[in-house]
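Asks: Sharing a structure below in structure tokens format, with a few things to ask.
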Amino acid sequence: MAARSPQARDNVECCFKNCESTSKVLKPGDGRVDVRAFESKAKQAMVVKWKEGATATFHRSCWAELYKATQSSSSPISLSDVERSMILDANKTAEYHDSDAAISQAAENIVHILQQSSYCIAFTGAGISTAAGIGDYRGIHGKWTEKYKVKNYGAKGANKPAASKMNGDLQPTYSHEALVKLQDMGLLKFLISQNTDGLHMLSGIPADKMAELHGNSYVEKCEDCGKRYERSYPCRQINGSFQKRCPRCRLNHRTGRKCSEPSCNGFLMNTIINFGDFLESDVIDQARQAAVMSDAVLVLGSTLMVSPANVLVTMGKKPARLIICNRQITPYDGNCCEVDPDGQPLGSRVFGDCDNLMKKVMSLLLPPKELKTWEDGRRARLMEYGLKRTFVRNDLPVHPYKASVLTATQRDKTNAADIIDLFVMEQLMNSCSKELYVFLRKRKPADSTELVAIAEKYIETHGSAGAFARNNILTRRTPQKSRALL
Ligand SMILES: [Zn+2]
Ligand SMILES: [Zn+2]
Ligand SMILES: [Zn+2]
């Protein structure tokens, strides 16, 4: 399992050895900074309790002091050259969390901005999907953090990037759903996203109400007539003679399927924008139009480092009301803190997880009864998402019925034995009949051994219909891959 950063639920001790805060222990809901600890072979005394491959947590003030010490020789903290460079490296991965009280206060301000605005838009990045299991780039366990680490400190001691789930296993998060709700309430007019995971579309934001700047894994488009196709499975590049190398990103975009418009028959391409590719002009135009009209911008989970994000979030009407919720600092944090002539903040800057903030925002926006109905509805919505997705195994779509039951089962299973069972079940479902599957579900096998026994019994009494399934169950009883999942 991927290393987990200490979350709000854990008590952790500040890693600054000279910490002078009243409590050295950071409690759940306290403001804090998490940084990625880097390895050092140096033997000299350190002022930080570094632990290789772990997350080091500090009071915000302690980390600020340590950082200040790297910049000035007059600081009371004296740092060795090695530790100075370790702090500077770690600072690049710093993830900040505001205290719970501060986030609650910010939520009140944000609700006020949302209610006062007449054209609020949202801008989302990888941080909104981390709760869904997608890795981000610049965070503590981010993909780029790990690459940097391998480059500068050698492969030894490098953590594997947090295991990202397969596309088909992803579900919209609380924040994705909150954006849909805001849109239903008329408080959100347009959504711009840098994400390609398709979760906004899955959660129910209509295609004409959003611009997915970097494409969508679940959308492919015709090379000739431009017609777009929304799919229930990710449109990956597949090998074949139809492949064509893109002159800009040098990869193949063709998916192997063809346009179904009569008289077109053009090749379909995925819509993913790789490094080197231009953004689609109509997508960026649509985003620009919305950005210009906006009088409030809600940024969730983006560091706003990638163009054209930087232009879009500051294009709106003045005075700019910019709200940013992200764990890392962004170049636009200053814009959030501008004040009106009365000294009231125009925007808001929240350091923390999107879901945590959005839960507070929704609880302030919705009357208690409506909030409960909406939050309780998540279970049903998760089932619906499952039905909209087709699982793909070895490039073959799995029947949506089986896939939806599989997602439902997966959510309720947590321990290792259950994961093995699930894996066996999954293998089984790929080949067993619907009748056998329903039979198995009813009998509720306690583990994979019992599951196989029940299936064998069924096959004995129901004859050859299950013969194919039987072979599959028996040969795949302890699949290699299930070990990797542990
Ligand atoms: Zn401290
Ligand atoms: Zn076409
Ligand atoms: Zn390309």
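Quick note on numbering: full-length UniProt numbering labels position 84 of the sequence shown as 84, and the sequence is numbered without any gaps.
Every residue, glycine too, gets a C-beta built ideally from N, C-alpha and C.
(1) Let's test the definition: count the other Cβ atoms within 10 Å of the Cβ of Leu-88 and tell me whether it reaches 16, buried, or not, exposed.
(2) Does the beta carbon of Asp-224 fall short of 7 Å from some heavy atom of ligand 2?
(3) Measure the C-alpha to C-alpha separation of Leu-357 and Glu-223 and round it to an integer number of angstroms.
(4) In chain order, what are the residues with a CB under 6 Å from some non-hydrogen atom of ligand 3?
(5) Does at least one heavy atom of ligand 1 sit under 7 Å from the Cβ of Ser-104?
(6) Looking at the secondary structure, which residues open and close the alpha helix (DSSP H) in which Ile-205 lies?
(7) Quick check: the Cα distance between Lys-51 and Leu-66, rounded to an integer number of angstroms?
(8) Where does Lys-372 fall in DSSP's three states?
(9) Whose C-beta lies closer than 6 Å to the C-beta of His-253 among residues of the same chain, with five residues either side of it excluded?
(10) Determine the direct distance from the alpha carbon of Leu-170 to that of Cys-259, and round the result to whole angstroms.
(11) Ligand 1 and His-59: does any heavy atom of the ligand fall closer than 7 Å to the residue's C-beta?
(12) Can you name the residues that DSSP bridges to Val-299?
(13) For the candidate residues Ala-101, Asn-91, Thr-130 and Ala-309, whose alpha-carbon lies nearest to that of Val-354?
(14) On the CB-based measure, 16 or more other CB atoms within 10 Å of its CB, does Ser-193 come out buried or exposed?
(15) Within this structure, are the beta carbons of Gly-29 and Asp-100 separated by less than 8 Å?
(16) Taking 7 Å as the cut-off, is the C-beta of Ser-99 nearer than that to any heavy atom in ligand 1?
(17) Which of the three DSSP states is assigned to Asn-11 in this structure?
(18) Take Ala-380 as the anchor and find which of Gln-289, Ala-122, Ala-69 and Ser-203 has the nearest alpha-carbon.
(19) Check whether the Cβ atoms of Gly-256 and Gly-266 lie closer than 8 Å to each other.
(20) Do you know how far the Cα of Ile-205 is from the Cα of Met-185?
Replies: Reading from the atomic positions:
(1) Exposed, since its Cβ has fewer than 16 Cβ neighbours within 10 Å.
(2) At a threshold of 7 Å, Asp-224 counts as near ligand 2, since its beta carbon sits closer than that to one of the ligand's heavy atoms.
(3) When rounded, the distance between both Cα atoms is 41 Å.
(4) With 6 Å as the limit, the residues whose C-beta approaches any heavy atom of ligand 3 more closely are Cys-246, Arg-248, Cys-249, Leu-251, His-253, Asn-274 and Asp-277, in sequence along the chain.
(5) It does not: the Cβ of Ser-104 is nowhere closer than 7 Å to a heavy atom of ligand 1.
(6) DSSP places Ile-205 in no alpha helix (DSSP H); its state is neither H nor E.
(7) Their backbone Cα atoms lie some 17 Å apart in a straight line.
(8) Reduced to three states, the DSSP call for Lys-372 is helix.
(9) Hits under 6 Å: Cys-246, Met-269 and Asn-270.
(10) Looking at the two C-alpha atoms, the distance is approximately 27 Å.
(11) Closer than 7 Å to some heavy atom of ligand 1: that describes the Cβ of His-59.
(12) Val-299 pairs with Phe-123 and Ile-324.
(13) Per the sequence shown, residue 354 should be read as Cys rather than Val. When only C-alpha atoms are compared, the closest one is Thr-130.
(14) Taking all protein chains shown into account, Ser-193 has 16 or more neighbouring C-beta atoms within 10 Å of its C-beta and is therefore buried.
(15) Using a Cβ distance threshold of 8 Å, Gly-29 and Asp-100 count as a contacting pair.
(16) Checking every heavy atom of ligand 1 against the Cβ of Ser-99, none is found closer than 7 Å.
(17) Three-state DSSP puts Asn-11 in coil, outside helix and strand.
(18) The residue among Gln-289, Ala-122, Ala-69 and Ser-203 with its C-alpha nearest the C-alpha of Ala-380 is Ser-203.
(19) Between Gly-256 and Gly-266, the C-beta spacing is not below 8 Å.
(20) If I take the Cα positions, the gap works out to 13 Å.
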